[in-house]
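Undergrad: In the numbering used here, each residue carries its 1-based index in the sequence shown increased by 2. Heads up, the beta-carbon is just placed ideally off N, CA and C, and yes, glycines get one too.
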Amino acid sequence: MEPGGAFHVTTTITWRVDWTGFGPGGTFPDVESSTGFPVRVIEAAALVTNSH
3 MEPGGAFHVT
13 TTITWRVDWT
23 GFGPGGTFPD
33 VESSTGFPVR
43 VIEAAALVTN
53 SH
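(1) Assess, as a yes-or-no matter, whether the stretch 14-30 is touched by the stretch 44-53 under the definition of 3 or more beta carbon pairs within less than 8 Å.
(2) Taking the alpha carbon of H10 as the point to measure from, which residue in T37, V41, S36, V19 has its own alpha carbon closest?
(3) For G44, which residues does DSSP report across the bridge?
(4) How close, in whole Å, do the beta carbons of E34 and T14 come, if the pair is a contact with beta carbons under 8 Å?
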(Lines of atoms letter the chains of each structure in order from A and count residues from 1; the text may use other names and numbers.)
(Lines give C-alpha, C1' and ligand atoms only; values in the text may rest on other atoms or scores of the structure.)
Protein backbone atom coordinates (compact mmCIF):
# COMPACT_ATOMS: atom_id res chain seq x y z
CA MET A 1 0.00 0.00 0.00
CA GLU A 2 1.24 3.48 -0.85
CA PRO A 3 0.78 6.61 1.27
CA GLY A 4 -2.80 7.87 1.31
CA GLY A 5 -4.34 4.39 1.24
CA ALA A 6 -3.59 3.71 -2.41
CA PHE A 7 -2.50 0.41 -3.94
CA HIS A 8 -0.01 0.30 -6.80
CA VAL A 9 -1.58 -1.33 -9.87
CA THR A 10 0.25 -2.45 -13.00
CA THR A 11 -1.54 -3.13 -16.28
CA THR A 12 0.05 -4.89 -19.24
CA ILE A 13 -1.18 -5.34 -22.79
CA THR A 14 0.42 -7.76 -25.25
CA TRP A 15 -0.16 -7.57 -29.00
CA ARG A 16 0.46 -10.91 -30.75
CA VAL A 17 0.04 -11.06 -34.54
CA ASP A 18 -0.03 -14.12 -36.78
CA TRP A 19 -0.66 -13.55 -40.46
CA THR A 20 -1.37 -15.59 -43.58
CA GLY A 21 -1.79 -14.67 -47.22
CA PHE A 22 -1.62 -16.29 -50.62
CA GLY A 23 1.45 -18.23 -49.63
CA PRO A 24 3.57 -18.41 -46.51
CA GLY A 25 2.45 -16.74 -43.32
CA GLY A 26 4.33 -15.66 -40.29
CA THR A 27 4.34 -14.31 -36.79
CA PHE A 28 5.45 -10.87 -35.75
CA PRO A 29 7.38 -10.51 -32.50
CA ASP A 30 5.13 -9.73 -29.53
CA VAL A 31 4.80 -6.08 -28.57
CA GLU A 32 4.20 -5.47 -24.86
CA SER A 33 3.41 -2.26 -23.03
CA SER A 34 3.02 -1.83 -19.26
CA THR A 35 2.16 1.05 -17.00
CA GLY A 36 1.71 1.43 -13.27
CA PHE A 37 -0.35 3.84 -11.24
CA PRO A 38 -1.83 4.24 -7.74
CA VAL A 39 -5.50 3.34 -7.13
CA ARG A 40 -7.34 4.36 -3.97
CA VAL A 41 -9.85 1.82 -2.72
CA ILE A 42 -12.80 3.66 -1.21
CA GLU A 43 -15.03 0.66 -0.47
CA ALA A 44 -14.57 -3.10 -0.65
CA ALA A 45 -17.22 -5.78 -0.23
CA ALA A 46 -17.01 -9.52 0.29
CA LEU A 47 -19.33 -12.21 -1.00
CA VAL A 48 -19.42 -15.58 0.77
CA THR A 49 -20.50 -18.36 -1.60
CA ASN A 50 -19.66 -21.43 0.49
CA SER A 51 -19.83 -21.11 4.27
CA HIS A 52 -18.64 -24.67 5.12
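TA: Taking the geometry as given:
(1) These segments do not touch.
(2) To locate residue 10, count along the sequence shown from 1; it is residue 8. That would be V41, whose Cα lies nearest to the Cα of H10.
(3) Position 42 of the sequence shown, counted from the start, is the residue given in the question as residue 44. Here residue 44 turns out to be Ile, not Gly, going by the sequence shown. None; I44 has no bridge partner.
(4) The residue you call residue 34 lines up with position 32 of the sequence shown. The residue you call residue 14 lines up with position 12 of the sequence shown. With 8 Å as the limit, E34 and T14 qualify as a contact, their Cβ atoms being about 6 Å apart.
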